[in-house]
Structure formats: C-alpha cells, structure tokens
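Going down the list, the sequences are from chains A and B. The first sequence finishes on residue 340 if you use UniProt numbering, and the numbering steps up by one all the way, no holes. The second sequence finishes on residue 328 if you use UniProt numbering, and the numbering steps up by one all the way, no holes. Below: one structure, written as structure tokens.
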Amino acid sequence: MTVATKERKLTIARAMAEAIAQEMRVDERVFVMGEDIGPLGGVFGNTRGLHEEFGSERVRDTPISETAFMGAAVGAASDGMRPIVELMFVDFFGVCFDAIYNLMAKNTYFSGGEVQVPVVLMTSTGGGYSDAGQHSQCLHATFAHLPGMKVVAPSNAYDAKGLMTAAIRDNNPVIFMFHKALQGMGWLGTEKDAIVHVPEESYEIPIGKAAVVREGTDVTIVGITSGVHHGLKAARQLAERGISAEVLDLRSLVPLDRSTVIESVRKTGRLIVVDEDYHSYGVSGEIICSVVEQGVALKAAPQRVAYPDIPIPFTRPMEQWALPNADKIVAAFETMENNA
Amino acid sequence: MKPSRDQKIWMYEQMHTSRYFEECIEKIYMEGKTPAFNMANGPIPGEMHLSNGQEPCAVGVCAHLNADDIVTSTHRPHHEAIAKGVDLDRMAAEIFGKKTGLSGGRGGHMHIFDARVNFSCSGIIAQGMGPAVGAALSRKLQRKEGVAVAFLGEGAANQGAFHETLNLAAVWKLPVIFVIEDNAWGISVAKSASTAIERNDKRAAAYGIPGHYVPDNDPLAIFEVAGEAIARARRGEGPTLIEIETYRLAGHFMGDAEGYRPEGEKEALFARDPIPKLRQHLFDNEDWSDAQDQELVARAHARVDKAIQFARDSEYPAPEEALEKVFI
C-alpha cells in the first residue's frame, strides 16, 4: 500500500504571504502597509504577490516614516480595520517605539477594554550575515517585556502560516517576529529545516502555545526561531553520545507557555535556554526563572546560550564567534555535567 | 461659512461648560494638597493640565463634527472632550479614578477614551497625529463617512511625528485636519525660543496642503476656517493644517508657578478672555438677553455639578481590577 503524501514545502516568507492573502480574501478589513511591501513584495519576501492580487489600496507602500505609519496603524485598527504593518528591521523600532508601546500596547487598557487595537506588526530579526549592529538584532525581550502586546516568532513555515493567521484574527496587537536566516531568502543564508510542508487550507497555531519539536528525557533545550534549529542540531550531536535531549519551540513569547517548559523540565531535570537576543535581562533568564520559581527539582544548574551583551559586530569572525550555535549548547550541557 | 445663531449659542454653552468644569477640577485638585503640595494627594491625584482660555479651539472645530467623526486630543483634553460630546459624568469619574470612569480608572485625565463619540487623547506631544491619520485612512478604505481631527499644541510642530504625519496624510490625501492650539508656551519655553518660524501654518506649504492661521482666539473665526477645512476633507480633497492663536489662562499644569511669564502677560490675557467676548457678541448681534444668559450658564453649571457629584459618589475600583483589560 502506498500512502499519498502530497508535500508542499514553503519558505516562511511564502507561508506568511499565503496566510495574509487568505485572510485578505475573506476579511475586507485586513490591509498591509509598510516600506517596500507593495510591488517589491517586501524586502524579505513576505508580502510577495499581495500587491498583484489586492492592489495599491490594500497593499500600501509607505514613505520612510515609521512614526507616522505605526501611529496610523493604531488609528486604523481602533476605527475597525485590521492593519498588518511591517517594520522592516526590528532594529528600526527606535524611530517609532512611542506609537508601539505607548499607543498600540496601551490603548485597550486605557479605554477599559472599549477600544480594540488589532494590529499585526511584522518585523525581521536576527543576524549571522554581517549586517552589523543596526540590522541584526532580535530584541525579543524588548517587546515581550512591555505589557499589552502579544509576541510570536516562528521557527518554520508551518508555524509561520498558522501564527500569522491567528495574529490577524486576534483582537489585540501582535508582534510577529521573523528571523531573516529562516526566511528562505537565499541571500540571507537559508536554514533548510525551516522550509517545511504547509497545508494549502487556512489554519491557526494558537498564540501562547509552545511545541515539543523533539522528545527526550535527559535535558530540555528551549529555543525560539534560530535557537530552535541550534537546539535540534545540538540534540542530534548529544544523541550520538547517548544523551536524549528534548527540544521545545516557544513559538510565542507573550503569552508565554510556562507550563509546557515546566512539564518538560520536571521530566528531564536539566534546562538549557537558547536565545539569539542579548544575554542579560532576557528571555533566557525569564524561562529559567519561571522553572526555578516553581521549585522544579533540577539535576544541574540551568544554562543559557544567548548573545553576549555587546552590540553586534560586523566582521565575520567576531559575529560568528558571538552567535549561539549547536556547539555552545553541547558545551553548556557538558558544563552542567561537570558541575553536577 | 459663518456660524448661525444656534451654533454660536452652542459654542458659548460648551465654553461655559468647559470653563466651569476646569474651575471645579481646579478647586477639588487642591483638596488634600495644602499646606504641602504633593501631587499624589487628594481626590484628584497626578498631573492636571487645565484648558482655561483654549475653549474657542475646541468649540470652533467640534461645532462641525458629529459623533462618527474622530478626534485625537492632547494632555490638555477637557475642552475638546466636552465639545466632542464625551460622557461628562464618566469623564469626571475617570479623572477621579473611579470605577464608573470611562476606563474604570486605568487612564485618568490624560487618557480619556470615549469610543461612543470616537474621542481619545494621550499624554505625549504629537502622539495623536498618527492615530488620526490612521482613522482617516480607515474611513477612506471603508468608504465610510467621517473625518479625523488631531488637536496638538504649538510645541508639537517641532516633533518628528508632526512632519511624518503631515507628509503621509498629504501623500495619501486623507480626510484629516490638524489643529494647532498655539498657546505660546511649551511648559516654560516660549514659542519664539523653540520654533524656527513665527507661524506653523506656513509649514503646510512643505506638504502641499492648505495652511490657515486664526489670530486672537476668536471662536467665530475658528468656526469659519475649520468649517472650510472639514468640508474640504469631507469632499475627499485631503488634509488641512490650522494654527490658532489661543491663550493658556492657567499654568502648564496645576502647581506651575509660571515664573517664566513676562510681567503683565497673564493680566493682558485675562482681559481678552474669550468667554465674556463671545457673550458681548451675542448681546450685540444675536438679540441675547440677561435672562437667556443666566439660564444658559445655570444649565452648563448644573451639568458639571452633576458630573462632579457623580464622580465623588462613585466607588473606587477594586485594586486587583488593575489586572484586567490588558488584552481583550
């Protein structure tokens, strides 16, 4: 008997564009604006085909005026639209953060729940291709720290489509972070494992739900976006030594699925968190604290593999040295074993 | 487009309502704050920016708006909220931090939201301009009636957001009107010390849109200029920038000693108080009587007194309600 498995592998870029197109077809309120998201299809490909299908009114190239169009997204959302707005690089948040964290994130609260702000803010993260310190950051914690915004960040195309659909349908602002190296644009060093089967029909990945992407019993490796792929590679290396690693993909930072992490660490007793965002005051510390606060019995002190507390350097040897990778995760496991 | 008698009387009544509301707030604000002034004390804690003197800007513009139109206001929002028809009882309760307030005490005086009449305000300079542009875009995309008005101070014209949003509104030809209330002072810094040109309406030329200047805080002149700009926006002809010379008869906020004002400035401004001026205009031109005047003032005061009483009588929210309404 042969099983007919119709594989339809998509990049994250394609999956995002497909989710947006499907929602735009069924919901007139959805529109897209940002820099170069029109005929160009987005610098990172995630709006490709939308302008052709929906035209200039619903797929709007903006001036390079992030403050204006982020604020406009808030106003349009409050008036009944469902804008999807792109901040080309997350690093650019500095020119428009007021509209994001003081308006988008707070207006629902300030209005006692009377005003909805259903904006999806999609933004690229991550480095590894020598774009230096203003085009390579992740800033997960910067956004996740401030209340009032949901934050999601997929590691593969299947999750990207489902999270984008869920984000568009959500009545709250959602920050959708996509890692450039996972985006499937050849020129950014594509991670092949991010290109996976994506069903044609529309579906949602629930926001706030982590995924166990590899089951294991000896150590829990928690990651998000690139960190998941480093974790999976490390798990394969550890398996060669007979160590069984469980790998979790957080997928969402807000709300944070602490229970899935805690459940896993209860089983394994060991925890490593991988984050391409900066080491201090970050997601990695938050995850470890969430486990420790619950009094989970640990076999070794938890470890974090994160970006050092330095601006991201340009030159290849420096940047590659600073980035998280599988070897660093394996080394972190060895540290745990040595100190146990 | 000159105001009708009824429109003049409407404006006059809103100005009285707003002024008396501020006078009540001013008194109550000081409860618990003497002899030592501590902003955290009393039934109305926090910063308080009163709009005394700036009422003409609110009424001259809002006279042309209906509930469907959008207004974004500033940290000094009460006159515009009143002119836009915000629920006065719930607004007062919000300022007192009560459970019955517009947002149950989560926002306070700088974050007044009344979705029923599409009013909102916010506490950071030029912040409302982007949302007004977005709301105007929303109306255009939905092919739905309505214009958006962003009120701002003259200090906001030096913010990046000012220039970005004017350009965006112009390039997309959106139904939005930007109204600068030039009260001459950014807290303690004079307009002449902060702004490279004398009049901000001239900046409209940089974005290829009409710019108008209204001198002397005159509600009737504001009515005319705003009426033209709003009609233009409703016709789909795009945005307009208006600068109004207005007077801040109060300090920047309660507790401001106003030592930066030149001697005699305050007295000169009070001599040009727009409320007695409009009253005189009604007497001179609209067959207005003392009896009618007293009745109107009494009605405005009664409405405010009722709102203040409602706020005083309302309960505080349970502290843990703070955890609600972050997401919906």
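Even for Gly, the Cβ is constructed at its ideal location relative to N, Cα and C. Just so it is clear, the structure is predicted and the values come from calculations on it, not from any experiment.
What is the C-beta distance between residue i and residue j, in whole angstroms, given that I count them as a contact (C-beta under 8 Å)?
i, j, result
"Val304 (chain B)", "Phe21 (chain B)", "5 Å"
"Arg19 (chain B)", "His49 (chain B)", "Their Cβ separation, rounded to whole angstroms, is 15 Å, which puts Arg19 (chain B) and His49 (chain B) out of contact at 8 Å."
"Cys57 (chain B)", "Ile222 (chain B)", "6 Å"
"Gly216 (chain A)", "Ala235 (chain A)", "7 Å"
"His51 (chain A)", "Pro63 (chain A)", "Not confirmed; about 17 Å, so no contact."
"Phe92 (chain A)", "Glu66 (chain A)", "6 Å"
"Tyr247 (chain B)", "Asn183 (chain B)", "6 Å"
"Ala190 (chain B)", "Asn52 (chain B)", "Not confirmed; about 19 Å, so no contact."
"Asn339 (chain A)", "Ala301 (chain A)", "6 Å"
"Ala322 (chain A)", "Pro313 (chain A)", "7 Å"
"Arg304 (chain A)", "Ala157 (chain A)", "Arg304 (chain A) to Ala157 (chain A), Cβ: 27 Å. No contact."
"Thr268 (chain A)", "Glu240 (chain A)", "18 Å between Cβ atoms; not a contact."
"Asp87 (chain B)", "Lys306 (chain B)", "That belief does not hold up - the Cβ atoms of Asp87 (chain B) and Lys306 (chain B) are roughly 12 Å apart, past 8 Å."
Does the Cβ-Cβ distance between residue i and residue j come in under 7 Å?
i, j, result
"Met33 (chain A)", "Ala160 (chain A)", "no"
"Gly208 (chain A)", "Ser252 (chain A)", "yes"
"Val228 (chain A)", "Ser155 (chain A)", "yes"
"Tyr207 (chain B)", "Leu166 (chain B)", "yes"
"Ser314 (chain B)", "Gly112 (chain A)", "no"
"Val265 (chain A)", "Thr220 (chain A)", "yes"
"Met15 (chain B)", "Glu47 (chain B)", "no"
"Glu179 (chain B)", "Val71 (chain B)", "For the record, residue 179 (chain B) in the displayed sequence is Val; it is not Glu. Going by C-beta atoms, Val179 (chain B) is not nearer than 7 Å to Val71 (chain B)."
"Glu201 (chain A)", "Thr165 (chain A)", "no"
"Leu250 (chain A)", "Ala210 (chain A)", "yes"
"Ala326 (chain A)", "His179 (chain A)", "no"
"Ala73 (chain A)", "Val115 (chain A)", "no"
"Met11 (chain B)", "Pro276 (chain B)", "no"
"Ser244 (chain A)", "Asp218 (chain A)", "yes"
"Met1 (chain B)", "Gly227 (chain B)", "yes"
"Ala181 (chain A)", "Gly133 (chain A)", "no"
"Gly146 (chain B)", "Val117 (chain B)", "no"
Within 10 Å of its beta-carbon, does residue i have 16 or more other beta-carbons around it, so buried, or fewer, so exposed?
i, result
"Asp275 (chain A)", "buried"
"Tyr281 (chain A)", "exposed"
"Arg5 (chain B)", "exposed"
"Ile329 (chain A)", "buried"
"Phe113 (chain B)", "buried"
"Ala167 (chain A)", "buried"
"Asn66 (chain B)", "exposed"
"Lys144 (chain B)", "exposed"
"Phe133 (chain B)", "Per the sequence presented here, residue 133 (chain B) reads as Val, with Phe not at that position. Label assigned to Val133 (chain B): buried."
"Trp288 (chain B)", "buried"
"Pro206 (chain A)", "exposed"
"Met318 (chain A)", "exposed"
"Glu28 (chain A)", "exposed"
"Asp284 (chain B)", "exposed"
"Phe264 (chain B)", "What sits at residue 264 (chain B) in the sequence shown is Gly, not Phe. Flag for Gly264 (chain B) reads exposed."
"Phe270 (chain B)", "exposed"
"Met1 (chain A)", "Unreliable placement is indicated for Met1 (chain A), whose pLDDT of 47 sits below 50; no coordinate value is reported for it."
"Ser73 (chain B)", "buried"
"Arg316 (chain A)", "exposed"
"Gln309 (chain B)", "exposed"
"Gly55 (chain A)", "exposed"
"Gly94 (chain A)", "exposed"
"Pro175 (chain B)", "buried"
"Pro262 (chain B)", "exposed"
For the ligand ATP, I want to know if residue i counts as a neighbour, meaning its beta carbon is within less than 6 Å of at least one of the ligand's heavy atoms.
i, result
"Arg316 (chain A)", "Here there are no bound small molecules, and the ligand ATP is not part of this structure."
Near-chain B residues of the segment 309-327 of chain A (beta-carbon distance less than 9 Å), N- to C-terminal order: Residues of the segment 309-327 of chain A that bring their beta carbon within less than 9 Å of a beta carbon in chain B are absent altogether.
So, do the segment 241-248 of chain B and the segment 203-223 of chain B have three or more beta carbon pairs nearer to each other than 8 Å? Contact holds: three or more Cβ-Cβ distances are below 8 Å.
Is the segment 127-144 of chain B touching the segment 78-89 of chain A, taking contact as three or more C-beta pairs under 8 Å? As far as the Cβ criterion goes, the segment 127-144 of chain B touches the segment 78-89 of chain A, which means the pair count is three or higher.
For the segment 281-294 of chain A against the segment 175-187 of chain A, do three or more pairs of beta-carbon atoms, one drawn from each stretch, fall closer than 8 Å, so that the two count as touching? The answer is no - the segment 175-187 of chain A does not touch the segment 281-294 of chain A, with fewer than three Cβ pairs under 8 Å.
Closer than 8 Å, Cβ to any Cβ of chain B: which residues of the segment 134-147 of chain A, in chain order? Pro147: these are the residues of the segment 134-147 of chain A whose beta carbon lies less than 8 Å from some beta carbon of chain B, given in chain order.
Is there contact between the segment 97-105 of chain A and the segment 119-132 of chain B, where contact requires at least three CB pairs shorter than 8 Å? Under the three-pair Cβ rule at 8 Å, the segment 97-105 of chain A counts as touching the segment 119-132 of chain B.
Under 8 Å: do the segment 141-157 of chain A and the segment 170-181 of chain A share three or more Cβ pairs, one atom per stretch? Touching, yes.
What residues from the segment 156-167 of chain B come within 8 Å of chain A, judged by C-beta to C-beta, listed N to C? Within the segment 156-167 of chain B, the qualifying residues are Gly160, Ala161, Glu164, Thr165, Asn167.
Would you check if there are 3 or more beta carbon pairs closer than 8 Å linking the segment 22-42 of chain B to the segment 319-328 of chain B? Because the criterion of three Cβ pairs below 8 Å is not met, the segment 22-42 of chain B and the segment 319-328 of chain B do not touch.
With three or more beta-carbon pairs closer than 8 Å as the criterion, would you say the segment 149-158 of chain B touches the segment 188-202 of chain B? Touching, yes, given that three or more Cβ pairs across the two stretches are closer than 8 Å.
Is the segment 9-24 of chain A touching the segment 191-206 of chain A in the sense that three or more CB pairs, one from each, lie closer than 8 Å? Contact between the segment 191-206 of chain A and the segment 9-24 of chain A is present, because at least three Cβ pairs lie under 8 Å.
What residues in the segment 129-140 of chain B bring their beta carbon closer than 8 Å to a beta carbon of chain A? Only Met129, Gly130, Pro131, Ala132, Val133, Gly134, Ala135, Ala136, Leu137, Ser138, Arg139 from the segment 129-140 of chain B bring a Cβ to less than 8 Å from some Cβ of chain A.
Would you list, in chain order, the members of the segment 95-111 of chain B that have their beta-carbon closer than 7 Å to a beta-carbon of chain A? Across the segment 95-111 of chain B, CB contacts with chain A closer than 7 Å involve Leu102, Ser103, Gly104, Arg106, Gly107, His111, in sequence order along the chain.
Taking beta-carbon pairs under 9 Å, can you tell me which members of the segment 45-77 of chain B lie near chain A? Within the segment 45-77 of chain B, the qualifying residues are Ile70, Thr72.
Give me the subset of the segment 302-326 of chain B whose CB atoms are less than 7 Å from a CB atom of chain A, sorted by chain position. Residues passing the 7 Å Cβ filter: Lys325, Val326.
Got a sec: which bits of the segment 74-89 of chain A sit with their beta carbon under 7 Å from any beta carbon on chain B, in order along the chain? Cβ contacts with chain B come from Val74, Gly75, Ala76, Ser78, Asp79, Gly80, Met81.
In the segment 172-199 of chain A, which residues sit with their C-beta less than 7 Å from some C-beta in chain B, listed in chain order? Under the 7 Å Cβ criterion, the segment 172-199 of chain A contributes Asn172.
Quick one, which residues of the segment 197-231 of chain A are near chain B if we go by CB-CB under 9 Å, in chain order? Residues passing the 9 Å Cβ filter: none.
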